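Here the structure is laid out as structure tokens; the discussion comes afterwards.
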Amino acid sequence: GTRGTIIHKNTDNMKKVFLILTIALICLNNAEAKKIIGYYISKTNDTLTVTFNVPIKFFSQKPDYERLQQKIKCYDSTNQKKILKPDMANEIIFDYEGEKIRMLSRQNNLDLISSVFTVNNSLFLKLIKDGKIKLFKYYKTNNSPGMYNASSGMTTGAGSYSYSVETYIMQKGNDELFKTRWLSFRKDMVNYLSDCPDVAKKIEDKIYRSDDIMQIIDEYNRRPTA
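Numbering (the numbering used here), first residue to last: 11 to 236.
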């Protein structure tokens with residue numbers, strides 16, 4: 011009757027509203043960008059001022075570093091659009107909310123994957139600390155599997171979700187990029203910093219742990235050059 015028709019219409023309307031909200035959230039999360047004046051250093055070491063179109067994460071309101079690892083859109087003084095990729099520049103620099111953001115182009119010797127759709131020979135990495143050892147952060151989104159149903163022996167999409175992972179990457183001088191293996195931080199870092207016995211011993215003795223990576227890099231970089 012009439013009541014059934016009203017309930018049916020209300021259900022349809024709710025579905026439409028939900029769909030619109032979902033699409034709106036996806037668009038907001040993916041499409042928001044801010045125009046920020048900055049500069050990049052070309053492969054020939056020229057410094058060029060441009061206006062970057064920096065993708066911004068909707069909820070955190072921070073730059074989407076994961077996307078910036080692959081490329082960034084920018085405009086030159088004549089408003090010509092250019093897509094800047096890691097093999098086209100040595101570094102991109104811009105200020106965001108008082109923080110100077112530096113992303114350096116580096117060879118992807120660690121097989122870091124920024125996107126399932128691209129094979130990256132190089133990528134922009136966010137510089138955290140500069141010095142004898144450079145400390146970078148690598149950003150990646152992982153997808154968790156769905157729920158495993160023991161009775162059917164199948165994995166469903168229910169319970170699956172995405173989460174962001176940030177990994178520290180190091181580079182000693184002009185050497186290849188380095189990162190510790192999962193569960194092998196102490197062993198890997200002691201080997202990597204064997205040329206600085208004082209710091210290596212603090213890691214070996216568990217004075218410094220994985221959470222102390224900033225202090226480890228600072229102390230290594232402060233040591234006198236031999």
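C-beta atoms are modelled at their ideal positions from N, C-alpha and C, and glycine is treated no differently.
Nothing here was measured: the structure is a model prediction, and the numbers come from that model.
- Residue pairing by DSSP places residue 84 opposite 62, 92 in a beta bridge.
- Residue nearest to residue 227 within the set 61, 197, 181 is 181 (criterion: CA-CA distance).
- About 4 Å separates the Cβ atoms of residue 119 and residue 186, confirming a contact at the 8 Å cut-off.
- With a minimum length of 4 residues, the unbroken runs of alpha helix (DSSP H) contained wholly in the stretch 192 to 234 fall at 195 to 202, 207 to 214, 223 to 232.
- At a Cβ-Cβ threshold of 7 Å, residue 195 and residue 172 do not count as neighbours.
- Residue 57 is bridged by DSSP to 51.
- Short of 7 Å from the beta carbon of residue 112, and not among the five residues preceding or following it, lie these beta carbons of its own chain, in chain order: 101, 103, 137.
- Shown here for residue 84: same chain residues with a beta carbon closer than 7 Å to its own, the five before and five after excluded, namely 60, 61, 62, 63, 92, 94 in chain order.
- Within 10 angstroms of the beta-carbon of residue 45 lie fewer than 16 other beta-carbons, which makes it exposed.
- One alpha carbon belongs to residue 57, the other to residue 184, and they sit about 21 Å apart.
- Rounded to the nearest angstrom, the Cβ distance from residue 74 to residue 81 is 12 Å, too far for a contact under 8 Å.
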